[in-house]
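Residue 51 is where the sequence shown starts when you use my numbering, and the numbers rise one by one after that. A quick write-up on the structure given underneath.
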Amino acid sequence: MTKHIFVTGGVVSSLGKGLTSASIGLVLERHGLSVRMQKLDPYINVDPGTMSPYQHGEVYVLDDGAETDLDLGHYERFTNSPLSRESNYTSGQIYLRVIERERRGEYLGRTVQVIPHVTDQIKECIRNLARSDVDVVITELGGTVGDIEGLPFLEAIRQIPLDVGKENCLFIHLTLVPYLKAAREAKTKPTQHSVGLLRQIGIQPDVLIVRTEREIEREHLDKIASFCNVEPRAVIEEVDKEFSIYEVPLGLVDHKLDQLIIQKLGLNASPLQMDDWQDLMHRVRHPDSEVRIAVVGKYIDHRDAYKSIYEALDHAGFSHSARVLVKRIEAEDLQKEGVDHLLRGIDGILVPGGFGMRGIEGKIEAVQYARENNIPYFGICLGMQVAVIEFARNVLGLSQAHSTEFDGDTPDPVICILEEQKTVTDKGGTMRLGAQPCRLTEGSRVAECYGTTEISERHRHRYEFNPEYEERFVNAGLVPTGTHESGLLVEVVEVPDHPWFVAVQFHPEFRSKPQDAHPLFREFVGAALKRHKDRAGSGAN
Ligand code: GLN
């Protein structure tokens, strides 16, 4: 019998529910259990693909092309749970299915209602993951208890114990215990209110994880237990981590959350295996060196807009026992304040993916600075496209070269719309999406990084390298070294005559793990470290 864990949140958003859910998944896997992760998002958009990064943070792309919530990135980085379209549902998707069924006449003349039709649809999406080889399905509910959109989801998860047995379900609720400086006290009232709301809906949480800036006295945890009708040992504090988010699973184990879950769900678990994770954390806390990487983007003040990029850079740092210090640079500021001012002393420059005109010229200047000053450069998606534009303008002398995304009338469209995209009008879910096979040139830098010439990486774009210019680029020193297996699309370019200049049309950041850094991030950070050491040796600043 597959067990269900439901993770809900209260008091405020951004408590790190996704991180905690992923950490629980990791710990259960380290007990030899097979886990599936899932996120339910109550907003109405069918997926986050059409939302601004300011609204939503990064859009995380899966192998099957699903555009999903960034918490799925945590799931993939922490666990081995295979993820697909079934791993992330929004209200929009649920209602779309219900309405399609209604149009097909599947409700046989009945009035279609939130209960039972919408809630049944939600339950179906959860239960579909509970296949016979799965021990535990962890379903995280986005938003906060009390949100109007969240009600059908809460009602659906309330009903699941009635369908599958109470003993097979566990409700974990995350809340915040704020510390009021003026009163010098941790406050438990918001948690009591939040659990009160849940209980009104009919959900009695089994476990409370209380997020806090500083340790909470046992007396306060006991008070929460008694007011919220939860066993004292099941009120667990999760203190902010100083060094790394990857410490969260160890904190949960310290508080014996794993034992509690195993016991409450009657799971047949093997002893915990976390030694390698402990070693990783030791390396994270005690790096041997530092390296400074500039990330030049458009949503730089939004912490979550380039989430997977920052994580992948951290992983690369772990693999070199180095701390990666990221300087986040708003592309527009490069033009206002000058490249030399903002990029001086940087060991590597990365331009991530993006859309829209704002900041494009600044990104192009960042590429030029990296190329001309022999600073390692890593371009991702739009970061590859601006690298191509920069080279066309400043090396090939095509001063008006551009992408047709930004200038439809450019005389030199070195980046142009994909053939398959020419007839696309709908914006949602219509880009070139998901994992695509790619063939790398033998002996190229990129093939060296991967240690193979056959790879598969995830995509999310509408524009591509224009093959009509290929010969001119090659002759001048920017070489395509990876193509789609059809041979028709350029997926990687590099400058062989540069310490490290690689730009890719795909998104390698979605395939990086803390213990298994993505090879391109690993080698990029390696090249930046080398530059750092060489410069330190030569006394440059
Ligand atoms: N805007 C570019 C395109 O659609 C790049 C997309 C991206 O960086 N994800 O091709």
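Ideal placement from N, C-alpha and C gives every residue a C-beta, glycine not left out. None of these values were measured; they are calculated from a predicted model.
query: Simplified DSSP state of C431, which is helix, strand or coil; result: coil
query: Whole-angstrom C-beta distance between R127 and E361, which should lie under 8 Å; result: 6 Å
query: heavy atom of ligand 1 below 7 Å from E470 C-beta; result: no
query: Inter-residue spacing [alpha-carbon to alpha-carbon] between M331 and A72; result: 17 Å
query: Cβ pair H509, L483 closer than 8 Å; result: yes
query: Bridge partner(s) assigned by DSSP for E288; result: R261
query: Residue of W327, R408, E455 minimising C-alpha distance to E79; result: W327
query: Member of M87, D397, D91, P530 whose CA lies at the smallest distance from the CA of L375; result: D397
query: A116 classed as buried or exposed, judged by whether at least 16 other C-beta atoms fall within 10 angstroms; result: buried
query: Any non-hydrogen atom of ligand 1 closer than 7 Å to E541 Cβ; result: no
query: Validate contact between the stretch 207 to 220 and the stretch 51 to 70 using beta carbons, cut 8 Å, 3 pairs; result: yes
query: Uninterrupted alpha helix (DSSP H) stretches inside the stretch 356 to 423 (no shorter than 4 residues); result: 357 to 369, 381 to 387, 389 to 393, 410 to 422
query: Option in G193, G409, A275, E265 with minimal Cα separation from G301; result: E265
query: Any non-hydrogen atom of ligand 1 within 7 Å of R508 CB; result: no
query: Cβ neighbour criterion (16 or more within 10 Å) applied to V438; result: buried
query: Same chain, Cβ closer than 6 Å to G193, neighbours up to 5 away in sequence not counted; result: P92, G200
query: Segment limits, beta strand (DSSP E) that includes S50; result: The question about residue 50 has no answer here: the residues shown for the chain are numbered 51 through 591.
query: The stretch 87 to 101 / the stretch 141 to 148 touching (three or more Cβ pairs under 8 Å); result: yes
query: From Q471, A485, E521, residue whose alpha carbon lies closest to that of A442; result: E521
query: DSSP-derived helix/strand/coil call for H305; result: coil
query: Limits of the beta strand (DSSP E) - the one that V554 falls within; result: 551 to 554
query: Spatial distance of H557 from P546 (CA atoms); result: 21 Å
query: Option nearest E8 by Cα separation, candidates G532, P211, V554; result: This structure does not reach residue 8, given that the chain is present from 51 up to 591, and the question cannot be answered.
query: G478 beta carbon less than 8 Å from that of T100; result: yes
query: Opening and closing residue of the alpha helix (DSSP H) in which I74 lies; result: 67 to 79
query: For R48, the first and last residue of its enclosing beta strand (DSSP E); result: The displayed coordinates of the chain run from 51 to 591. Any statement about residue 48 would go beyond what the structure contains.
query: Three-state class that DSSP yields for P530 in the structure shown; result: strand
query: Nearest to E150 (by Cα), restricted to the options V417, H167, N138; result: H167
query: Sub-8 Å separation of H370 and C431 beta-carbons; result: no
query: The stretch 380 to 400 contacting the stretch 338 to 346, beta-carbon criterion three pairs below 8 Å; result: yes
query: Distance cut-off 7 Å: Q313 Cβ against heavy atoms of ligand 1; result: no
query: Near ligand 1: R261 beta-carbon under 7 Å from a heavy atom; result: no
query: Near ligand 1: G403 beta-carbon under 7 Å from a heavy atom; result: yes
query: Nearest candidate by alpha-carbon position, reference S131, set G587, N178, L146, V184; result: V184
query: Other residues of its chain near S506: CB distance less than 6 Å, five sequence neighbours each side excluded; result: A485, P487
query: Pairwise C-alpha distance: T475 and V543; result: 29 Å
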